[in-house]
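Undergrad: In order, the protein sequence lines correspond to chains A and B. Counted from 1, the first sequence has number 568 at position 129 by the working numbering; the numbering is strictly sequential. Counted from 1, the second sequence has number 225 at position 76 by the working numbering; the numbering is strictly sequential. Glycine included, each C-beta is placed from N, C-alpha and C at the ideal position.
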Amino acid sequence: MAYAKLQPHQYMILGLVSVCTPLGDSCLSRGMAHLPAITLAHPASLITAVFTPWIALGIALLIGYFASYLIALSWADLTFVMPAAGLGNVVLALLARFWLHDPISIQRWVGIALITVGVGFVAHGPSLTERPTEPASEEAAR
Amino acid sequence: MTIPFPIVTAAFWTAAAMITAIVLTSTAGEVLTAAAMKSIGDLDEIRAVSGLKGAIRTVLTCPLFFAGVFFLALSFFSLLFALNHMDVSFVAPASASLTLVTNAIAGKFFLKENVDRRRWISAILVCIGVYFLAH
């Protein structure tokens, strides 16, 4: 099974998928919190929000996420990539604990443990659903 | 993560509608994008044969990809709208954990992925983990 064992560069792509999302979301949150309330009556103000620095940085990170996400989806199942992306929340929490020295409650440690175990579960399985070869394409190849 | 309003209020239903919009558009976008990438094949192999430009051209000429991007854009603007009205500590984990479950269901029924017991357990563990982490 060619896809059962991921290559190191494929793990790196999954790592980028994980890290870019929470960082991008944090930038978007910081940017949107500084804007006045946007209502459905003026949806165009969402477009102008895109050009503010924090939102622009958030979008740049999310573009990085999207590029690595597309690459990952070309060799792995959606249900394999999605839990792996959840690992980014753990990375962010651990950075906050050991770099910014923010306290982490027991509940958060439980969350970190659950996500890590969940990602470990899916990572031990095959990354791609095996599909039977199409008879028509086999005949065409002959 | 605590829901910042009682269940009976209009604010609760507004929040629920915002989260539902994010989850549904995000799931539709991710399933369509995944279907597009499956139809294209391994991008690393395409890049090895046709180069980076060839790989980008292959993605950009796939109609399913644009359908997926359309729904992901809708999801993005729904997220921006929700972040403008609610705290990120509620919006991000609620939408992320619910999307994990809806993606597993959509992956099984629309993409015909082999969502075995291992993947269900993983999706549920990560879903609960995201909930706890947001506290």
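1) Inspect the beta-carbon positions of residue 281/B and residue 550/A and report whether they are closer than 9 angstroms.
2) Is there a C-beta anywhere in chain B that falls below 9 angstroms from the one on residue 577/A?
3) Counting Cβ pairs closer than 8 angstroms, one from the segment 168-177 of chain B and one from the segment 189-209 of chain B, do we hit at least three?
4) Give the interface partners of residue 256/B over in chain A, defined as CB-CB distance under 7 angstroms, in chain order.
5) Could you give the first and the last residue of the continuous alpha helix (DSSP H) run that contains residue 466/A?
6) Where does residue 225/B land, buried or exposed, given buried means 16+ other C-beta within 10 angstroms?
7) Please look up how many angstroms separate the CB atoms of residue 471/A and residue 249/B, rounded, as I've assumed it's under 8 angstroms.
8) Considering only their Cβ atoms, is the gap separating residue 524/A from residue 465/A smaller than 9 angstroms?
9) Is there a C-beta anywhere in chain A that falls below 9 angstroms from the one on residue 270/B?
10) Over the uninterrupted alpha helix (DSSP H) stretch that includes residue 211/B, give me the two end residues.
11) Using a Cβ cut-off of 8 angstroms, pull out every chain B residue sitting near residue 471/A, in sequence order please.
12) Using a Cβ-Cβ cutoff of less than 8 angstroms, which residues in the same chain neighbour residue 195/B once the five nearest sequence positions on both sides are dropped?
13) Measuring only the C-alpha atoms, how far is residue 441/A from residue 191/B?
14) Taking all protein chains shown into account, decide if residue 514/A is buried (16 or more other Cβ within 10 angstroms of its Cβ) or exposed.
15) May I ask you to report which of helix, strand or coil DSSP gives residue 187/B?
16) How close, in whole Å, do the beta carbons of residue 262/B and residue 517/A come, if the pair is a contact with beta carbons under 8 angstroms?
17) Answer yes or no: does any C-beta atom of chain A fall closer than 9 angstroms to that of residue 167/B?
TA: In short, the structure shows the following:
1) yes
2) At residue 577/A, the pLDDT of 48 sits below 50, so the modelled position is not reliable; the number obtained from the coordinates is stated separately. Taking Cβ atoms only, chain B never reaches closer than 9 angstroms to residue 577/A, which makes this a no.
3) With the cut-off at 8 angstroms, the segment 168-177 of chain B and the segment 189-209 of chain B do not touch.
4) 516, 517 and 518
5) 447-472
6) buried
7) With 8 angstroms as the limit, residue 471/A and residue 249/B do not qualify as a contact, their Cβ atoms being about 23 angstroms apart.
8) Inclusion of residue 465/A and residue 524/A in the CB contact set at 9 angstroms is not warranted, their separation being larger than that value.
9) yes
10) Going by DSSP, residue 211/B is part of no alpha helix (DSSP H) at all; its letter is neither H nor E.
11) 229, 232 and 233
12) 189, 203, 204 and 207
13) The predicted position of residue 441/A is uncertain, since its pLDDT is 46 and thus under 50; no value can be drawn from it.
14) buried
15) helix
16) 7 angstroms
17) no
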